[in-house]
Amino acid sequence: MRRKPIALLLATLLIAGSMFVAAPPPAAAQQVGDAVRPGNPRLADLMEASQLRHIKLWFAGITGNWKLAAYQTKQIKTRLQDAASLYQSLPVNDITTMANPIDAVTAAVAAQDSKAFVKAYGELTKGCNSCHSELKLGFVELKTPAMNPFSDQVFEVKKK
Ligand code: HEC
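Laid out in structure tokens, this is it:
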């Protein structure tokens, strides 16, 4: 007789436990990247493409190749837009917060303002990292590139 309440408690705990297990995961991170359909780029590949453009944007900007910098900014913007529309489990907040730094980079590039470019680029990088840490991907950390790995592309504006 004395065991009954304990058994009941145990059963309750088990039911509660299984409910907890069955509940949908709170963070989107687990689903992100899994929604790949034939013909769609993988999220990690869109990200890698953004990373390459993140590097190229820096060297275009600091060498004052504003046309190339504008081009790279657009490339980053469209990759992030594609990521948002193809992978809807990505948190909306983290996508919309990218709009500000992208606009700031676009404005600095249009104004050919090196100082504003460096500042906006820093904000852009922070935006990349803040989504990553939000999704428990803090180990994917971006920074300002130290050297240009694209030795096959001309970044300097040719003197006429
Ligand atoms: C809205 C969220 C979000 C934003 C903003 C974001 N990322 Fe990501 N990023 C992710 C997710 C999610 C993954 C993991 C993708 C996967 O593994 O399927 C990822 C992975 C990556 C990776 C790892 C891929 C690899 O192969 O090494 C790189 C690099 C990366 N992101 C670069 C960037 C850059 C650069 C920016 C900013 C220009 C950026 N990300 C902005 C969500 C984001």
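The sequence shown maps to residues -23 to -1, 1 to 137 in mature numbering (1 follows the signal peptide of the UniProt record, and there is no 0). Glycine included, every Cβ here is placed at the ideal spot set by N, Cα and C.
Asked	Found
Limits of the alpha helix (DSSP H) - the one that S128 falls within	Looking at the DSSP string, S128 is not in any alpha helix (DSSP H), and its letter there is neither H nor E.
Local Cβ density within 10 Å of D27, reported as buried at 16 or more and exposed below that	Strictly speaking, residue 27 in this sequence is Ser, with Asp absent from that position. Result: buried.
S110 versus K33 - alpha carbon distance	24 angstroms
Where M24 sits in the DSSP three-state scheme	helix
Beta-carbon contacts of A85 that lie in its chain and below 6 angstroms, excluding the five residues immediately before and after	A93, F94 and A97
Buried or exposed (CB count within 10 angstroms, at least 16 for buried), K127	The amino acid occupying residue 127 in the given sequence is Phe; Lys does not appear at that position. Exposed.
Assigned secondary structure, E100 (DSSP; H/G/I helix, E/B strand, else coil)	helix
Check: G16 C-beta below 7 angstroms from any heavy atom of the ligand HEC	no
Residue burial classification, Q7 (beta-carbon count within 10 angstroms, cutoff 16)	In this predicted model, Q7 has a pLDDT of only 42, less than 50, meaning its place in the structure is not dependable; the value taken from the coordinates is given anyway. That one is exposed.
Inter-residue spacing [alpha-carbon to alpha-carbon] between T55 and I72	12 angstroms
Where A61 sits in the DSSP three-state scheme	helix
Which listed residue (S62, S91, P68 and G99) has its alpha carbon closest to that of P78	G99
Check: Q28 C-beta below 7 angstroms from any heavy atom of the ligand HEC	yes
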